[in-house]
Amino acid sequence: MIQSNITSWETKGDIGILSISNGKENYLTEPDFLDLDLFKKWISDEKIKGLIIRGLGRNFSAGADIENLKKLAEDKTNLSGKMNKGKEILNFIEDLTIPVVASINGVCFGGGLEIALACHMRIASERALFAFPETNHGLIPGLGGNYRLTQLLGKRAYEFILTADMVCAAEAKKLGFVEYISETKDTFHFAMQKMISMVSDRSLEIIQSAMKAINNSNNSNREEALKLETELFCNLAVNVKFHQKE
Numbered sequence: 005m006i007q008s009n010i011t012s013w014e015t016k017g018d019i020g021i022l023s024i025s026n027g028k029e030n031y032l033t034e035p036d037f038l039d040l041d042l043f044k045k046w047i048s049d050e051k052i053k054g055l056i057i058r059g060l061g062r063n064f065s066a067g068a069d070i071e072n073l074k075k076l077a078e079d080k081t082n083l084s085g086k087m088n089k090g091k092e093i094l095n096f097i098e099d100l101t102i103p104v105v106a107s108i109n110g111v112c113f114g115g116g117l118e119i120a121l122a123c124h125m126r127i128a129s130e131r132a133l134f135a136f137p138e139t140n141h142g143l144i145p146g147l148g149g150n151y152r153l154t155q156l157l158g159k160r161a162y163e164f165i166l167t168a169d170m171v172c173a174a175e176a177k178k179l180g181f182v183e184y185i186s187e188t189k190d191t192f193h194f195a196m197q198k199m200i201s202m203v204s205d206r207s208l209e210i211i212q213s214a215m216k217a218i219n220n221s222n223n224s225n226r227e228e229a230l231k232l233e234t235e236l237f238c239n240l241a242v243n244v245k246f247h248q249k250e
């Protein structure tokens, strides 16, 4: 296991695991919670086919450490720089061409929820709780949470963000920002099995091609998305060995 700020990195087979570890609540001490250059080095390992992000212990992350955030806010330029670095981290995670799954136990609030929303899939324990409490503190989500939640919920994001209400895992799934609720207490094991089902027996080239096509569908118009899909399909097809039964 390798440490970086409040995170650690390890691998299990061809799956990378990024863990948030900062006490019981796994608070994010700073918006740039991870050394991005080091993370890029970790994830560049050609053996890695998928990434799971989790919080060690009972909680995924309760979000920002408010007292530390107050200190950072004394220097607006410094705070802005750190917020932009935090967004750069989450944009990088979202743009990865391998699947990224958030394994969520306990509370997933504020910045923690923004990390989870940057993942391609969210798997929660039955007792997981979700909220953007920022408006209770005179703030709004600041690491892309407004944009990503609106992409998923549409106009329902207004109420979720402005009321700062907590929702349980079942309600989060009903709203549409949690894909699966773990059938067991071990959410990480469920997430690992789901990841294995997506990447096992598939080459990194196939996984990356599928991810590029899907990501591009979210970021481009139909004509551009279909053009890239055809290009990726043909690149794969020329290398496929079609077997016919004799």
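According to this note's numbering, the stretch in the sequence shown is residues 5 to 250, in order.
Think of the CB as a built atom: it goes at the ideal place given N, C-alpha and C, for glycine as much as any other residue.
Because the structure is a prediction, the values reported are computed rather than measured.
Can you check whether the CB of residue j is closer than 7 Å to the CB of residue i?
i, j, result
"K89", "D41", "no"
"F64", "I108", "yes"
"A122", "L94", "yes"
"T11", "L55", "no"
"E130", "A66", "no"
"G110", "R62", "yes"
"I97", "F136", "no"
"I57", "G20", "no"
"A161", "N140", "no"
"P145", "E118", "yes"
"L153", "G180", "no"
"A214", "V105", "no"
"L232", "N223", "no"
"K86", "E34", "yes"
"A68", "G142", "no"
Can you tell me which of the three DSSP states residue i falls into?
i, result
"G20", "strand"
"R206", "coil"
"G116", "helix"
"Y31", "coil"
"H247", "Residue placement at H247 cannot be trusted, given a pLDDT of 46 that sits under 50; what the coordinates show is reported in the next sentence. Three-state result, H247: coil."
"Q212", "helix"
"I200", "helix"
"I185", "strand"
"L143", "coil"
"N222", "helix"
"G148", "coil"
Would you mind reading off the limits of the alpha helix (DSSP H) that contains residue i?
i, result
"M87", "80 to 98"
"F62", "Reading the sequence as shown, one finds Arg at residue 62 and not Phe. R62 -> no alpha helix (DSSP H), and no H or E assigned at all."
"E106", "Looking at the sequence shown, residue 106 is not Glu but Ala. First-last for A106: 104 to 108, but that is the beta strand (DSSP E), not the alpha helix (DSSP H)."
"I70", "70 to 76"
"A168", "Neither: A168 is in no alpha helix (DSSP H) and is coded neither H nor E."
"I47", "40 to 47"
"E175", "173 to 179"
"F136", "Neither: F136 is in no alpha helix (DSSP H) and is coded neither H nor E."
"K189", "Counting along the chain, K189 falls outside any alpha helix (DSSP H), and DSSP gives it neither H nor E."
"N239", "226 to 241"
State the Cα-Cα distance for the pair residue i and residue j, rounded to the nearest angstrom.
i, j, result
"A241", "Y151", "36 Å"
"K80", "Q212", "39 Å"
"I24", "I185", "20 Å"
"N72", "L32", "9 Å"
"M125", "P103", "8 Å"
"E250", "V244", "Unreliable placement is indicated for E250, whose pLDDT of 41 sits below 50; no coordinate value is reported for it."
"D18", "M199", "10 Å"
"K75", "G148", "22 Å"
"K28", "T101", "32 Å"
"C238", "E209", "13 Å"
"L22", "N9", "12 Å"
"E235", "R206", "19 Å"
"W46", "K189", "29 Å"
"V203", "A77", "42 Å"
"C112", "L83", "23 Å"
"I218", "A229", "9 Å"
"A60", "W13", "The sequence given here places Leu at residue 60; Ala does not occur at that position. Cα to Cα, the separation comes out at about 12 Å."
"E163", "N30", "26 Å"
"E138", "V171", "15 Å"
DSSP has residue i in a bridge; who is on the other side?
i, result
"E14", "I21"
"R131", "Its beta-bridge partners do not exist; DSSP assigns none."
"I6", "W13"
"G54", "I19"
"M125", "V105"
Along the beta strand (DSSP E) that carries residue i, what are the first and last residues, could you check?
i, result
"C112", "111 to 113"
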